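There are 2 protein chains.
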Amino acid sequence: MPLLPAITSPTLLVHEAVCKANIARMSDKGRKHRLNLIPHFKTHQSRAIGNWYKEYGIEEITVSSLHMAEYFVGQSWKNIHIAFPFNPLEIDLLEQLTLQSSISIQLVNAQVTQLLADRLQNPVEFFIEIDAGYGRAGIEVSDFGAIEAIMRIANRSDKLNFKGFYIHAGHTYHADPAGIHRIHEQTKSALKMLKDKYFDEFPSLKTRIGDTPSCSLESDFDGVDEIGPGNFVFYDLTQVHIGSCNKSDIGIALAAPVVDIKKTKHEILIHGGGVHLAKDVLTYPDGSQNFGELVVFNGQGWDIPETPSFLKSISQEHGLVNATDELLSKVKVGDIIGILPVHSCMTADCMRGFLGLSGEKLDHFKGQQKLQ
Amino acid sequence: MPLLPAITSPTLLVHEAVCKANIARMSDKGRKHRLNLIPHFKTHQSRAIGNWYKEYGIEEITVSSLHMAEYFVGQSWKNIHIAFPFNPLEIDLLEQLTLQSSISIQLVNAQVTQLLADRLQNPVEFFIEIDAGYGRAGIEVSDFGAIEAIMRIANRSDKLNFKGFYIHAGHTYHADPAGIHRIHEQTKSALKMLKDKYFDEFPSLKTRIGDTPSCSLESDFDGVDEIGPGNFVFYDLTQVHIGSCNKSDIGIALAAPVVDIKKTKHEILIHGGGVHLAKDVLTYPDGSQNFGELVVFNGQGWDIPETPSFLKSISQEHGLVNATDELLSKVKVGDIIGILPVHSCMTADCMRGFLGLSGEKLDHFKGQQKLQ
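These protein sequence lines are chains U and E, in that order. With UniProt numbering, letter number 189 in the first sequence gets 189, and the count goes up by one each step, no holes. With UniProt numbering, letter number 170 in the second sequence gets 170, and the count goes up by one each step, no holes.
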């Protein structure tokens with residue numbers, strides 16, 4: 001890889017071929033199951049990487065904040081969904097965005113719905129977010145009072161257009177394939193019930209799910225019209241751990257300088273820590289922790305050693321590798337080694353910029369602009 | 001506080017008076033114990049906040065990477081220590097920096113020392129980093145062979161000037177006051193032994209420690225010449241938890257919009273998650289987790305409720321608060337509430353910009369520049 005000699009500091013590499021294969025697979029799955037794929041861009045937050053999806057027919061995208069939507073508006077993304085309970089303090093920004101793109105939001109209570117009905121100048125579509133047991137956000141699936149309160153307010157408004165129901169089953173990220181399947185069945189059954197109940201009144205209503213594990217592993221989407229996963233473009237060790245993908249499907253690796261090696265302790269010290277990878281961790285039954293798995297760069301990308309070496313601890317800038325003899329035999333101080341992240345969305349957000357394998361720079365959203 | 005109505009999205013507020021009181025206290029302590037204070041700027045990474053230290057006579061600073069040093073060089077910081085095992089791939093950047101400032105680095109092996117001796121054009125001072133039991137980085141205190149190998153190479157070079165020994169006792173961050181005291185005694189005894197052993201050969205050698213818990217709590221620094229703590233300017237819940245400070249000493253709070261409230265579940269949903277606070281967490285004996293503690297903004301800063309409410313879970317953008325009745329009675333959807341961070345260095349690094357309580361913007365290093 002000709003770019004490696006140019007890397008002297010922690011740098012996030014993105015493997016375009018792996019990412020495009022991931023996009024192609026999810027896109028094919030959507031077509032096969034007649035699911036509209038509206039990929040979540042919070043994982044890469046990149047205009048350049050976003051453009052890769054266009055080759056697969058993607059026209060509508062998901063983001064996690066209005067400021068992130070602002071970043072993609074005008075980059076020929078004309079349909080943007082903000083998969084976060086609407087923050088009523090950002091109504092002015094919402095209005096600005098609706099002038100440039102078709103924007104949809106998520107609503108979870110009557111209060112914010114009423115505020116939007118009172119103040120919106122431009123039409124906005126919305127999903128009602130349903131909490132089907134995850135407990136993070138959304139209306140409980142059986143709370144028809146709360147659901148219909150939102151619908152009533154919207155029906156009286158010519159600015160709020162009900163689009164359907166959205167469920168993000170975030171608890172699949174902590175499950176195994178059997179658990180993911182069980183959760184997915186609950187999600188489908190909740191959405192099916194809601195669709196049956198409200199279909200007569202809203203014949204065009206759509207149901208949407210958002211979690212990468214279900215979208216990767218499941219093969220029956222009865223009752224689901226749309227999927228909005230994000231993580232699948234990069235995947236990560238968490239997704240490998242729960243069975244959503246193979247290690248070879250992981251599309252990013254942190255390139256990190258080796259600054260010290262202690263062979264007798266089987267330790268490699270790298271410049272690469274919490275500010276580069278984030279602090280997400282896999283904790284195993286024996287209590288050991290994994291903050292990232294080591295890979296070795298080659299001419300075309302990276303090799304994944306059969307017996308894993310992993311980051312056993314990280315602090316702000318340091319990473320300490322528990323290294324196999326095999327890895328120790330290949331690495332010396334001053335080398336660059338690779339780290340597959342535990343949670344790719346968070347790693348990308350820490351690094352805020354990528355390098356492709358041919359050395360090209362790829363952008364990342366830098367966070368809300370006013371303090372930048 | 002007149003700035004609150006202007007805040008509509010997650011924003012990191014910095015309380016200048018609290019931070020300056022923290023700087024004054026550590027500065028006074030240094031003077032009292034005849035310790036040279038070389039504060040670590042990795043916590044705030046801000047030129048504006050860095051200038052606050054000048055009022056307290058600070059002229060030399062610590063950073064955690066060469067790129068961070070580059071950010072402060074030229075801002076009238078003429079003495080910068082990089083408290084990280086030197087990354088030999090960054091030797092060209094080191095050379096550039098030495099043209100503008102007096103730079104000191106840390107060395108942990110003969111290999112990198114030899115490379116510097118062979119290639120350096122400009123003089124650099126260095127500390128030998130000692131691992132006194134923490135196990136992250138540095139030479140074991142009894143490994144005189146490794147220590148003297150570095151000294152020998154440096155003695156033969158006219159570019160490498162040995163300055164002294166540095167110990168960062170990072171394990172104090174996971175201890176209680178008794179444990180911190182025990183570790184501090186070990187650190188002092190290690191440094192005293194090294195100083196006694198090498199004083200005849202290097203009569204001007206200095207010993208330095210870097211951890212905020214010891215610098216905050218301990219009152220005997222026999223054998224220690226210099227201290228380089230960083231976290232103390234902001235402190236955080238981790239430091240409160242281990243006894244280094246009071247909650248009222250915490251100098252930053254994330255201002256986060258309230259997007260939903262579920263009174264019967266005692267839950268408040270905020271826009272404020274891992275990309276804002278980082279994923280550092282305090283885990284209690286009963287297994288419950290604390291990702292941040294709630295405060296209520298007032299005219300002059302924030303009030304800390306006597307009975308704490310805390311973030312019980314966070315994801316990329318969501319934060320879910322376990323709220324007391326008292327907090328629930330004060331907060332409504334559309335309000336801005338405050339979160340004291342678990343680890344202020346990581347929160348500041350996520351947000352990369354601060355707002356002062358009078359609405360003034362304060363900068364934060366944006367990470368290595370080449371991908372920005």
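The C-beta atom is built at its ideal place from N, Cα and C for all residues, glycine as well. Keep in mind it's a predicted model, so treat the numbers as computed, not measured.
Rounded to the nearest angstrom, the Cβ distance from TYR56 (chain U) to ILE23 (chain U) is 5 Å, consistent with a contact under 8 Å.
No Cβ of chain U is located within less than 7 Å of the beta carbon of GLU226 (chain E).
When Cβ-Cβ separations below 7 Å define contact, HIS181 (chain E) makes no contact with chain U. In the structure shown, the three-state DSSP call for PRO305 (chain U) is coil.
The beta carbons of THR207 (chain E) and PHE165 (chain E) sit closer together than 7 Å. Segment contact: the segment 82 to 94 of chain U against the segment 260 to 271 of chain E, three or more CB-CB distances shorter than 8 Å; contact assigned. The secondary-structure analysis by DSSP pairs TYR166 (chain U) across a beta bridge with U:GLU129 and U:ARG208. Distance from the CA of ARG47 (chain U) to the CA of GLN239 (chain U), rounded to the nearest whole angstrom, comes to 24 Å. For PHE144 (chain E), the uninterrupted alpha helix (DSSP H) segment begins and ends at 144 to 155.
Contact annotation, HIS343 (chain E) with ALA253 (chain E): C-beta distance approximately 14 Å; criterion of less than 8 Å not satisfied.
Taking a cut-off of 8 Å on C-beta distances, the segment 1 to 20 of chain E touches the segment 299 to 310 of chain E, as three or more cross pairs fall below it. For SER102 (chain U), the enclosing beta strand (DSSP E) starts and ends at 102 to 107. The C-alpha of ASP280 (chain E) is placed about 17 Å away from the C-alpha of SER309 (chain E). Rounded to whole angstroms, LEU107 (chain U) and PHE126 (chain U) show a C-alpha spacing of 7 Å. Going by beta carbons, ILE167 (chain E) and ILE130 (chain E) fall inside the 7 Å limit. For SER244 (chain U), the closest C-alpha among the options U:GLY135, U:PRO285, U:ARG156 and U:LEU217 is that of U:LEU217.
A contact is defined here as three or more CB-CB pairs under 8 Å, and the segment 113 to 126 of chain E meets this definition with respect to the segment 143 to 163 of chain E. In the same chain as CYS350 (chain U), and ignoring 5 residues on each side of it, the C-beta atoms closer than 7 Å to its own belong to VAL275, HIS276, LEU277 and ALA278, in chain order. DSSP places ASP260 (chain E) within a strand segment (E or B) once states are collapsed to three. Annotated three-state conformation of ASN322 (chain E) is strand, per DSSP.
If you check each beta-carbon in the segment 140 to 152 of chain U against every beta-carbon of chain E, none falls closer than 8 Å. For the 7 Å CB-CB criterion, CYS345 (chain U) and GLN316 (chain E) form a contact.
In the assembly as shown, TYR284 (chain U) is an exposed residue. Its beta-carbon has fewer than 16 other beta-carbons within 10 Å. LEU355 (chain U) places its beta carbon 7 Å or farther from that of LEU4 (chain U). Under DSSP, GLU95 (chain U) forms no beta bridge with any residue.
As the crow flies, the alpha-carbon of ILE58 (chain E) is around 16 Å from that of ILE103 (chain E). Against ALA278 (chain U), the close residues of chain E are GLY274, ALA278 and LYS279, in the order they occur along the chain (beta-carbon pairs closer than 8 Å). Rounded to the nearest whole angstrom, the CA to CA distance from PRO305 (chain U) to LYS330 (chain U) is 11 Å. Contact annotation for GLN111 (chain E) against chain U: VAL333 [CB-CB distance below 7 Å, chain order].
Sequence-ordered contacts of the segment 326 to 352 of chain U with chain E read VAL333, GLY334, CYS345, MET346, ASP349 and ARG352 [C-beta pairs closer than 7 Å].
Straight-line measurement puts the Cα of PRO177 (chain U) at about 7 Å from the Cα of ILE242 (chain U). One thing to note: HIS44 (chain U) has its Cβ no nearer than 7 Å to the Cβ of ALA256 (chain U). Note: GLN289 (chain E) is bridge-paired with E:THR283 in the DSSP secondary-structure output. ARG136 (chain U) reaches chain E at LEU269, SER313, SER315, HIS318 and LEU320, counting residues in chain order whose Cβ is nearer than 8 Å. Under a criterion of Cβ atoms nearer than 8 Å, no residue of chain E is adjacent to HIS171 (chain U); the nearest Cβ is some 11 Å distant. Here LEU294 (chain E) is near ILE337 (chain E), since their CB atoms are less than 7 Å apart.
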